[in-house]
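Protein chains in written order, with my numbering: chain X, 366 to 560; chain V, 366 to 560.
Protein chains: 2
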Amino acid sequence: MSRSATSQDRRADARQNVEKILDAAITCLSRNADASVSEIAQAAGVGRVTLYGHFPTRDALIEAALVRVISEGEAVLESLDLAGDPRRALRVLIESSWLLIARASAVLVAAQTALPPGRIHQLHAEPAQRVDELIRRGQTEGAFRDDLPATWLTSVLHHLLKGAALDVANGLLEQADAPRLISETVLAAYTRGDT
Amino acid sequence: MSRSATSQDRRADARQNVEKILDAAITCLSRNADASVSEIAQAAGVGRVTLYGHFPTRDALIEAALVRVISEGEAVLESLDLAGDPRRALRVLIESSWLLIARASAVLVAAQTALPPGRIHQLHAEPAQRVDELIRRGQTEGAFRDDLPATWLTSVLHHLLKGAALDVANGLLEQADAPRLISETVLAAYTRGDT
DNA sequence: TACAACTCGAACACTACTGTTCAACTTACT
DNA sequence: AGTAAGTTGAACAGTAGTGTTCGAGTTGTA
Chain X
366 MSRSATSQDR
376 RADARQNVEK
386 ILDAAITCLS
396 RNADASVSEI
406 AQAAGVGRVT
416 LYGHFPTRDA
426 LIEAALVRVI
436 SEGEAVLESL
446 DLAGDPRRAL
456 RVLIESSWLL
466 IARASAVLVA
476 AQTALPPGRI
486 HQLHAEPAQR
496 VDELIRRGQT
506 EGAFRDDLPA
516 TWLTSVLHHL
526 LKGAALDVAN
536 GLLEQADAPR
546 LISETVLAAY
556 TRGDT
Chain V
366 MSRSATSQDR
376 RADARQNVEK
386 ILDAAITCLS
396 RNADASVSEI
406 AQAAGVGRVT
416 LYGHFPTRDA
426 LIEAALVRVI
436 SEGEAVLESL
446 DLAGDPRRAL
456 RVLIESSWLL
466 IARASAVLVA
476 AQTALPPGRI
486 HQLHAEPAQR
496 VDELIRRGQT
506 EGAFRDDLPA
516 TWLTSVLHHL
526 LKGAALDVAN
536 GLLEQADAPR
546 LISETVLAAY
556 TRGDT
């Protein structure tokens with residue numbers, strides 16, 4: 366059986382279309398978490414039937430989009446130098462990945478209602494762990510407060526990134542200002558307050 | 366014309382049903398932002414037709430639920446003593462309203478896609494202003510940092526409240542721990558970091 | 001050039017929701 | 001006890017989405 370063609374032996378236009386569809390899916394889902402398949406196909410400049418030719422169901426498409434956006438994020442995280450001073454590292458992390466994370470979390474919201482909960486956690490585990498490590502290291506080195514659990518500090522970072530992205534989308538915040546505001550806030554939050 | 370019966374002269378069971386429906390709507394919408402009318406009616410222990418007898422459309426129901434949850438929040442905010450030390454006031458605010466705000470923001474998400482954007486802002490303006498005032502006062506009195514805009518500090522509070530509620534829903538955080546974690550984090554975030 | 005791979009629109013069946021109507025019933029109130 | 005007000009399920013029309021099939025057209029590739 367030479368069945369189940371890999372992406373290698375497919376025709377070039379087919380491969381390109383898959384890419385176009387995934388791109389469109391990510392942008393559409395970022396705008397509207399329950400965008401229809403027709404909408405995504407149209408945004409990709411592709412017929413609806415073609416889309417179904419590549420992804421058997423809407424859920425499969427969303428999963429593929431999530432996988433893609435997460436692996437993009439992984440690539441960025443890997444390229445960063447997170448060694449040395451944890452506070453500097455955190456700043457670098459926020460600065461260079463905040464847009465990416467915002468995009469990812471938008472797709473993640475869409476996936477929340479379309480994928481089995483275990484599947485999401487499974488896909489998201491690896492990149493999340495990298496951030497978690499940085500925070501724990503900062504705690505043991507004394508750079509970050511250790512009177513609050515590391516999981517909560519991680520959560521705080523997530524929520525502020527996501528929230529800032531929302532504010533930008535709603536016109537309450539300038540794109541360019543976001544990284545600085547987030548960094549300032551998170552670093553302060555990671556330091557024990559005087560009260 | 367003695368038309369347009371107010372809630373005063375309606376039969377008792379009708380008034381009770383309206384209450385039951387609004388309660389059910391709030392809890393259902395908190396669980397799932399696009400809960401169906403059938404689902405809400407069932408949760409209220411009421412026929413679907415009855416529900417439509419009280420609210421002409423799904424959107425009208427959501428608006429009513431939003432109005433109700435916001436006025437509940439208003440009542441709590443009004444009962445609080447937010448004078449004196451801003452840091453203490455903020456702690457009080459978070460402590461005694463965090464559950465309520467989480468509920469409200471869940472319904473708010475549902476309203477986001479069902480109501481015209483202006484309408485939401487209009488309903489939400491009054492309670493939001495009260496919090497905004499506290500933060501601005503804290504800034505001018507030197508209790509909170511003023512190197513970041515007040516609107517952002519407000520946003521931070523919102524996002525952390527909402528985020529914590531999400532964490533509780535996902536089992537990542539204990540209900541009882543939340544207020545303390547939020548207070549500690551927000552107060553630290555509102556203080557200038559050392560870096 | 002020839003052929004298989006791919007794309008496309010139209011039409012289909014299916015599901016799930018919203019909102020309406022109706023006729024029968026139960027119940028609150030005087 | 002009588003009556004208007006309120007509730008109910010069933011059935012309806014309308015809309016919008018998903019996923020499939022088909023036949024005809026287009027295009028990459030060898």
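The beta carbon of each residue, even a glycine, is placed where N, CA and C say it ideally should be.
Because the structure is a prediction, the values reported are computed rather than measured.
Between the alpha carbons of G558/V and V402/V lies a gap of roughly 48 Å. Of the candidates A400/V, N382/V, V441/V, L513/V, A400/V places its Cα closest to the Cα of A471/V.
Sequence-ordered contacts of the stretch 513-534 of chain V with chain X read L513, P514, T516, W517, L518, S520, V521, H523, H524, L525, K527, G528, A529, L531, D532 [C-beta pairs closer than 9 Å]. The three-state reading of DSSP puts G418/X in helix, counting H, G and I together.
Taken through DSSP and simplified to helix, strand or coil, P481/X comes out as coil. Taken through DSSP and simplified to helix, strand or coil, T519/V comes out as helix. In the structure shown, L458/V falls within a helical segment according to DSSP collapsed to helix, strand and coil. Contact between L416/V and I386/V holds, with the beta-carbon distance rounding to 6 Å and staying under 8 Å. Contact annotation: Q477/V and I466/V have beta-carbon atoms that are not nearer than 8 Å. In this structure, DSSP gives V402/V a helical state, which the three-state scheme calls helix.
Within 7 Å of the CB of R396/V, no CB atom of chain X is found; the nearest one sits about 12 Å away. Any Cβ of chain V closer than 8 Å to the Cβ of R557/X would place that residue at the interface, and such an atom is present. Counting along the chain, N382/X sits inside the alpha helix (DSSP H) bounded by residues 377-396. Between W463/V and A398/V, the gap from beta carbon to beta carbon reaches 8 Å or more. Close to L537/V, with beta-carbon spacing below 8 Å, are these residues of chain X in chain order: T516, S520.
Put simply, the CB of E549/X is near chain V, with a gap under 8 Å to one of its CB atoms. When the alpha-carbon of G483/V is set against those of T516/X, V551/X, N535/X, R456/X, the nearest one is in N535/X.
Within chain V, L513, W517 have C-beta atoms less than 7 Å from the C-beta of L546/X, given in sequence order.
Neighbours of A554/V in chain X, taken as residues at a C-beta separation under 7 Å, are given in chain order as T550, A553, A554. In this structure H524/X touches L525/V by the C-beta definition: roughly 6 Å separates them, less than 8 Å. E460/V and E437/V have their alpha carbons spaced roughly 16 Å apart. Ranking A406/V, Q487/V, V551/V, A541/V by CA distance to the CA of V521/X puts V551/V first. Burial state of Q494/X is exposed, judged by a 10 Å Cβ sphere holding fewer than 16 other Cβ atoms. Spanning the alpha carbons of G507/V and A390/V requires a straight line of approximately 42 Å.
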